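Data first, discussion second: the structure below is written as structure tokens.
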Amino acid sequence: MKASIRRYGLAWAAAFIMLASLAACSTPDKIILLPDPDGKVGAVVVRSATGEQTIDKAYAGVDVTKGGSIEPTVDSQSTVQARYGELLAARPPRPMTFTIFFLFDSATELAPESAATVQKLKTVLATWPAPQLVVVGHTDLAGSQEFNDRLSMQRAQTVAAFLIKQGIPAQRIETAARGKREPLVPTADGVPHRMNRRAVITIQ
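Just so we're aligned: the sequence shown equals residues -23 to -1, 1 to 181 in mature numbering (1 follows the signal peptide of the UniProt record, and there is no 0).
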């Protein structure tokens, strides 16, 4: 490829940019920025040997010639769909994140509001092809760093065990623990908060 790409904002858009370039088997390389399904748009900087161009509008793009010249282009949603429909259909699902909340000082008892999230998670897993999952455990700021490191890992492991029971191979699940380092709701050290007692599951 004659151009290098630096992305800002939406990884979803950047994923299609690379596919658009691969789709252009003949010169010039073509790079198009897609909006997020919610309509939001990230930005990328395309660099070549002779210059650079920032793309930050939906369906805007560039053609990068063999000599490195960058020429701005503008497409429409219908044009992109017609030209790259097969590539768009072949994209993997967008990553999804679910947050499971736990009761105070527990690695196994879920907060009542987590029941609905668990059901949504089950539904998504039933239709997701070959999912890869990352589970990160967290705690509130009550207790020592060492205690919370252990507790947050236990929470991640509880969720991982649940996922395995749902049929996800263990080798597709990565667990990590953040202890009290990354609170969802900042508090003073030693102060408990129910929103910080959680495990975050990312499916991709």
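The C-beta atom is built at its ideal place from N, Cα and C for all residues, glycine as well. For clarity, every value in this text was computed on a predicted model and none was experimentally measured.
Query                                                                                                                                                            : Result
Contact check, arginine 79 vs alanine 92 under 8 angstroms by CB: the rounded distance?                                                                          : Sequence check: residue 79 is phenylalanine here, not arginine. Actually they are not in contact, since the Cβ atoms of phenylalanine 79 and alanine 92 sit about 13 angstroms apart, beyond 8 angstroms.
One question on the structure: do alanine 37 and leucine 11 come within less than 8 angstroms of each other, judged by their Cβ atoms?                           : no
I'd like the span of the alpha helix (DSSP H) that includes isoleucine 141, first residue to last.                                                               : 122 to 142
Roughly how many angstroms lie between the CA atoms of glutamine 148 and arginine 155, to the nearest whole one?                                                 : 21 angstroms
For glutamine 58, name the three-state secondary structure that DSSP assigns.                                                                                    : helix
Since valine 41 contacts proline 49 with CB under 8 angstroms, what's their CB separation in whole angstroms?                                                    : Rounded, the Cβ-Cβ distance is 11 angstroms, inconsistent with contact.
Could you please give the first and the last residue of the uninterrupted beta strand (DSSP E) stretch that includes alanine 37?                                 : 37 to 41
Tell me the rounded alpha-carbon separation between alanine -1 and isoleucine 77.                                                                                : Because alanine -1 carries a pLDDT of 48, less than 50, the predicted location of this residue cannot be relied on, and the following value inherits that uncertainty. Distance between the alpha carbons of alanine -1 and isoleucine 77: 40 angstroms.
Hey, quick one: how far does the alpha helix (DSSP H) through glutamine 96 stretch, first residue to last?                                                       : 91 to 104
Going by Cα to Cα distance, which pick from Val23, Asp13 and Gly19 is closest to aspartate 6?                                                                    : Val23
Nearest CA to the CA of glutamate 29: which residue from Ile47, Glu159, Val177 and Ala84?                                                                        : Ile47
Counting only the same chain and skipping the five closest in sequence on each side, list residues whose C-beta sits under 7 angstroms from that of leucine 128. : Ala84 and Thr116
Mind checking whether histidine 14 and phenylalanine 81 have CB atoms under 8 angstroms apart?                                                                   : The residue asked about is misnamed: residue 14 is proline in this sequence, not histidine. No; because the gap between Cβ atoms is not below 8 angstroms, this pair is not in contact.
Under three-state DSSP, which class holds glycine 167?                                                                                                           : coil
Do the stretch 150 to 164 and the stretch 99 to 106 make contact, defined as three or more Cβ pairs closer than 8 angstroms?                                     : no
At which residues does the beta strand (DSSP E) containing lysine 7 begin and terminate?                                                                         : 6 to 9
May I ask you to report which of helix, strand or coil DSSP gives arginine 149?                                                                                  : helix
Strictly by DSSP, which residues pair up with glutamate 29?                                                                                                      : Arg24
Hey, how far is the Cα of glycine 144 from the Cα of valine 51?                                                                                                  : 45 angstroms
Of all the options Leu118, Arg171, Leu110 and Pro160, which has the alpha carbon lying nearest to the alpha carbon of glutamine 181?                             : Leu110
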